[in-house]
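Reading through the structure tokens given below for one structure.
Protein chains: 2
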Amino acid sequence: MITIEDVANFAGVSQSTVSRVLNKKEYVKEATREKVLKAVEELGYKPSRLARGLRINSSQILGLIISDIQNPFFTSLVRAVEDVAYQNNYAIILCNTDEDPEKEELLVELMLSERVAGVIITPTREYECPILKLHEMKVPVVCVDRRVFDCETDTVISDNVESSFKLVKHLIEHGHEKIGALFGSSKITSFRERLEGYRKAFISSGLQVRNDFVKQSTPKEGEGYSLANELLDLPQPPTAIFAGNNLMALGAIHAIKDRGLSIPSDISLVSFDDQEWTQLMTPKITVATQPKYEMGKKAAELLMRRIEDYQCSVKHITLKSKLLFRESVKSIVSENL
Amino acid sequence: MITIEDVANFAGVSQSTVSRVLNKKEYVKEATREKVLKAVEELGYKPSRLARGLRINSSQILGLIISDIQNPFFTSLVRAVEDVAYQNNYAIILCNTDEDPEKEELLVELMLSERVAGVIITPTREYECPILKLHEMKVPVVCVDRRVFDCETDTVISDNVESSFKLVKHLIEHGHEKIGALFGSSKITSFRERLEGYRKAFISSGLQVRNDFVKQSTPKEGEGYSLANELLDLPQPPTAIFAGNNLMALGAIHAIKDRGLSIPSDISLVSFDDQEWTQLMTPKITVATQPKYEMGKKAAELLMRRIEDYQCSVKHITLKSKLLFRESVKSIVSENL
DNA sequence: ATGAAAGCGCTAACAG
DNA sequence: CTGTTAGCGCTTTCAT
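So the protein sequences, as listed, match chains U and X.
Under the working numbering, the first residue of the first sequence is numbered 658, with each subsequent residue one higher.
Under the working numbering, the first residue of the second sequence is numbered 658, with each subsequent residue one higher.
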């Protein structure tokens, strides 16, 4: 492996000079600059990012800690972060928490161990979050998709309360009053906010929220399936289901199909995120779609900004979701007349 | 940040001793071992992976270079690699080539720069691949999903020729002779092999392969859409389409829908990978599904093995796909009678 | 079984 | 504008 010393010798200059031209921080005479660049080229020199990192106590790596890369919502987000990271000559280390706070903590420690330049994270809970450790070590952090209340952190989320409100309002306007809801834990702010939107929609319509219709668990497909079954097993089952994320929606759909029921004639359904299947299946599913890529991009930009200036003011960005009204909601107003 | 020196001082031993107990390579007296461990615990010491990496000239990081994380096929693969990597205390750096050989080369250089312990890659082409650079530097490499002919490398792929053969044979058995095919470039071995399977199916049935029915381009949805349109525009369009991957299938489906045609009554379709939408849409799509997670897992295991012993024998693993015959193929044999 | 010391490849004062 | 020098935090001989 060829080192900075080799380059220096080859070019007949000192290591510092090589370092200077490569980091283009200080002035170097044009002639020597060219000599060095030629040596670099000739020798095919690639700086050791490890050595550099050790010296400046920070690697050219960003940590990206998400719930699960297999959730297509996060996939887009990851891609966005990667795109801006690579533009800025950062690599990214990707990790999944699987919504497990202990795993999250281990991963944060990994990030510390790797001396990453910054981390983007979807925290598993709003309090007692390991982000504090990052703050202690002055590692730039930005939260994405979810918020955290232990500390002040740059954040990018979508308008959960509002999109959720609109989705449920849409159901209510179509005559639904018994609306089952499937959410992840309320310790995850996105779900707490969606639940809040759900409640607000009821209240604003002068309706009572029935807590037995609100089911919460791990926001995965399997849980969506069993919680939907619990709803369907109720003596007076809901006429519509509001799924708190795309995975739970998938579970709910399978639960509905497995009972031989159909959407929307037997039961209506709304959910989040415009996955391929939501528009390919019959009926097309009504969803609120978050600007996933944009969220990741903004988060990465906020992180780059804070890496440049650790002291800059904290920003909270809320991006708007788009409502896509499709075919999965049946109007049952006539039945009430 | 607390260092190994702090731990040594706290425990009243030397740095070497601390290093020894932490790397558990050499014998240390039980009593001192405990003292050190207690100090580590007390102080909350996290070794700098950067410093360690610099010293041993290799980080505890694996490089994972894929086409595009947004392709669900790769998503599962990535998850598998991550799972075994973390089990072995490695982190992973994730990158997308977008099928661009230049980008691939840059990414390989990044890996070299980061002194990753090994890399798993889906090469963008079979020859002139930057894997050679990795070999030069004796960095362990394993190819996944695709092969490479420039050098001997551990490889994990699926049985592309065979699964492709079966898929096309299935179409032929249902009376289809005009079968359009959508593939990525033949420089990508998986597509070359799938094309080979396609050809073999024709030959084994005593049929002629019509080259104007074989379309190749970037294996993305957009290209799938336009190539499918080219096929549909033919004076004698095919009665079935064989899509070379899930993205191109999606494009083809949209092309078909946009023309007001329907599957399978107007045109049959088969493809790869059991994505959610393939079984949620009507009709359910007949596919060959590759053991994605298993492929990633095997690849990661091969890599761990080669990291342990760089000289071990090269392995080529081919995993079996499963055929899922569903509703997207119409029998047209009767029409021929 | 343990300590002392050197050095991995780089950057950043500090001189000049 | 450029060179000298001193580490960053760790592992690894080499002694003892």
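Ideal Cβ placement from N, Cα and C applies to all residues, glycine included.
Because the structure is a prediction, the values reported are computed rather than measured.
Partners in chain X for Gly710 of chain U, counting only beta-carbon separations shorter than 7 Å: Here residue 710 of chain U corresponds to residue number 53 of the first sequence, with the count starting at 1. Leu707, listed in chain order.
Can you find the residues in the same chain that come closer than 6 Å, C-beta to C-beta, to Val927 of chain X, ignoring five residues on each side of it along the sequence? Here residue 927 of chain X refers to the residue found at position 270 of the second sequence. Closer than 6 Å at Cβ, skipping near neighbours: Leu824, Phe899 and Thr943.
Could you tell me which residues DSSP puts in a beta bridge with Met961 of chain X? In the second sequence, residue 961 of chain X corresponds to position 304, counting from 1. Beta-bridge pairing links Met961 of chain X to no other residue.
Is the segment 775-788 of chain X touching the segment 819-834 of chain X in the sense that three or more CB pairs, one from each, lie closer than 8 Å? no
Using only CA atoms, which one of U:Ser671, U:Ser843, U:Thr781 and U:Met938 lies nearest to Val871 of chain U? Residue 871 of chain U sits at position 214 when you count from the first residue of the first sequence. Nearest C-alpha to Val871 of chain U: U:Ser843.
In whole angstroms, what separates the C-alpha of Arg983 of chain X from that of Phe848 of chain X? The residue labelled residue 983 of chain X in the question sits at position 326 within the second sequence. The residue labelled residue 848 of chain X in the question sits at position 191 within the second sequence. When rounded, the distance between both Cα atoms is 23 Å.
Does DSSP put Met952 of chain U in a helix, in a strand, or in coil? For the purposes of this step, residue 952 of chain U is taken as residue 295 along the first sequence, with counting starting at 1. Residue state, collapsed to three classes: helix.
Measuring only between beta-carbons, confirm whether Lys703 of chain U sits less than 8 Å from chain X. For the purposes of this step, residue 703 of chain U is taken as the residue at position 46 of the first sequence. With 8 Å as the cut-off, Lys703 of chain U counts as an interface residue toward chain X.
Hey, does Thr939 of chain X have any beta-carbon neighbour from chain U nearer than 8 Å? As a position in the second sequence, residue 939 of chain X is number 282, starting the count at 1. With 8 Å as the cut-off, Thr939 of chain X counts as an interface residue toward chain U.
Where the alpha helix (DSSP H) containing Phe859 of chain X begins and where it ends: For the purposes of this step, residue 859 of chain X is taken as residue 202 along the second sequence, with counting starting at 1. That run of the alpha helix (DSSP H) goes Thr846 to Ser861.
Using a Cβ-Cβ cut-off of 7 Å (strictly less than) and excluding sequence neighbours within five positions of Lys972 of chain U, which residues of its own chain qualify? On the first sequence, position 315 is the one that residue 972 of chain U refers to. Excluding positions up to five away in sequence, the list reads Asp811 and Leu959.
Please list, in chain order, all residues of the same chain as Tyr1066 of chain U whose beta carbon is under 6 Å from its beta carbon, the five residues on each side excluded. The requested residue 1066 of chain U is not part of the displayed model; chain U covers only 658 to 994.
With C-beta atoms as the reference, is Thr781 of chain U less than 8 Å away from Thr754 of chain U? In the first sequence, residue 781 of chain U corresponds to position 124, counting from 1. In the first sequence, residue 754 of chain U corresponds to position 97, counting from 1. Yes; because the gap between Cβ atoms is below 8 Å, this pair is in contact.
If you follow the beta strand (DSSP E) that Leu719 of chain X is in, where does it begin and where does it stop? Sequence index remark: in the second sequence, residue 719 of chain X carries index 62 (1-based). Where Leu719 of chain X is concerned, the enclosing beta strand (DSSP E) stretches over Ile718 to Ile723.
Arg712 of chain U, buried or exposed, once every other Cβ within 10 Å from all chains shown has been counted against 16: The sequence position of residue 712 of chain U within the first sequence is 55, counting from 1. So Arg712 of chain U ends up on the exposed side.
Check whether the Cβ atoms of Ser705 of chain U and Arg804 of chain X lie closer than 8 Å to each other. The residue you call residue 705 of chain U lines up with position 48 of the first sequence. The residue you call residue 804 of chain X lines up with position 147 of the second sequence. Their beta carbons are not under 8 Å apart, which means Ser705 of chain U does not touch Arg804 of chain X by this criterion.
Go through its chain and collect everything with a Cβ distance to Ile726 of chain X's Cβ below 8 Å, but skip five positions before and after it. On the second sequence, position 69 is the one that residue 726 of chain X refers to. The answer, listed in chain order, is Thr732, Val735, Leu751 and Asn753.
Could you check which residue in U:Ser724, U:Tyr784, U:Ile778 and U:Asn746 has the C-alpha nearest to that of Asp757 of chain U? Along the first sequence, read from residue 1 onward, the residue named residue 757 of chain U stands at position 100. Nearest C-alpha to Asp757 of chain U: U:Ser724.
Got a sec? Which residues, its chain only, sit under 8 Å from Ala688 of chain X by beta carbon, not counting five neighbours each side? Stepping through the second sequence from its first residue, residue 688 of chain X is reached at position 31. Once the five neighbours on either side are set aside, Ala688 of chain X has no close Cβ partner at all.
If we ignore side chains and look at the alpha-carbon of each, how far apart do Tyr684 of chain U and Glu739 of chain U end up? The residue labelled residue 684 of chain U in the question sits at position 27 within the first sequence. The residue labelled residue 739 of chain U in the question sits at position 82 within the first sequence. Rounded to whole angstroms, Tyr684 of chain U to Glu739 of chain U spans 32 Å at the Cα level.
Taking 8 Å as the threshold (beta carbon to beta carbon), is Ile749 of chain U in contact with chain X? Sequence index remark: in the first sequence, residue 749 of chain U carries index 92 (1-based). So, interface residue.
Between the alpha carbons of Glu933 of chain X and Tyr950 of chain X, how many angstroms are there, rounded? Start at 1 with the first residue of the second sequence, and residue 933 of chain X comes out as number 276. Start at 1 with the first residue of the second sequence, and residue 950 of chain X comes out as number 293. So the two alpha carbons sit approximately 15 Å from each other.
Measuring CA to CA, which of X:Gly775, X:Pro894 and X:Thr935 is closest to Asp923 of chain X? For the purposes of this step, residue 923 of chain X is taken as the residue at position 266 of the second sequence. When only C-alpha atoms are compared, the closest one is X:Pro894.
When you check each C-beta in the segment 900-919 of chain X against every C-beta of chain U, which residues fall closer than 8 Å? Leu907 and Ile910
Can a CB atom of chain X be found closer than 8 Å to the CB of Asn680 of chain U? In the first sequence, residue 680 of chain U corresponds to position 23, counting from 1. Judged by the 8 Å Cβ criterion, Asn680 of chain U is not in contact with chain X.
Step through the CB atoms of chain U and report whether any lies within less than 8 Å of the CB of Arg983 of chain X. The residue labelled residue 983 of chain X in the question sits at position 326 within the second sequence. So, not an interface residue.
Gln744 of chain X CB to nearest chain U CB: under 8 Å? Here residue 744 of chain X is taken as the residue at index 87 of the second sequence, counted from 1. So no, Gln744 of chain X is outside the interface.
Closer than 8 Å, Cβ to Cβ, to anything on chain X: give me those residues from the segment 716-734 of chain U, in chain order. Ser716, Ile718, Asp725, Ile726, Gln727, Pro729, Thr732 and Ser733
Measure the Cβ-Cβ separation of Gly841 of chain X and Pro876 of chain X and say whether it is below 8 Å. Position 184 of the second sequence holds residue 841 of chain X. Position 219 of the second sequence holds residue 876 of chain X. Closer than 8 Å, so yes.
Is Met1071 of chain X helix, strand or coil when you go by DSSP? Nothing can be reported for residue 1071 of chain X, as the shown portion of chain X is limited to 658 through 994.
Under 8 Å between C-beta atoms, does Leu767 of chain X make it to chain U? By one-based count along the second sequence, residue 767 of chain X stands at place 110. Chain U contact via Cβ: present.
Ignore the nearest five residues each way along the sequence and tell me which others in Lys954 of chain X's own chain have a CB closer than 8 Å to its CB. Against the second sequence, residue 954 of chain X aligns to sequence position 297. Ala737, Val738, Asp740 and Val741, listed in sequence order.
In angstroms, rounded to a whole number, what distance separates the CA positions of Leu798 of chain U and Leu884 of chain U? Within the first sequence, residue 798 of chain U is the residue found at index 141, counting from 1. Within the first sequence, residue 884 of chain U is the residue found at index 227, counting from 1. Sequence check: residue 798 of chain U is Val here, not Leu. Taking the straight line from one Cα to the other gives about 34 Å.
Residues of chain U with CB under 8 Å from Asn753 of chain X, in chain order? Position 96 of the second sequence, counted from the first residue, corresponds to residue 753 of chain X. Going along chain U in sequence order, the residues near Asn753 of chain X (Cβ under 8 Å) are Arg736 and Glu739.
I'd like to confirm the pairing. Which residues does DSSP put opposite Ala885 of chain X in its beta bridges? Your numbering for residue 885 of chain X matches position 228 in the second sequence. DSSP output for Ala885 of chain X lists no bridge partner at all.
Under 8 Å between C-beta atoms, does Met658 of chain U make it to chain X? Against the first sequence, residue 658 of chain U aligns to sequence position 1. It does: the Cβ of Met658 of chain U has a partner Cβ on chain X nearer than 8 Å.
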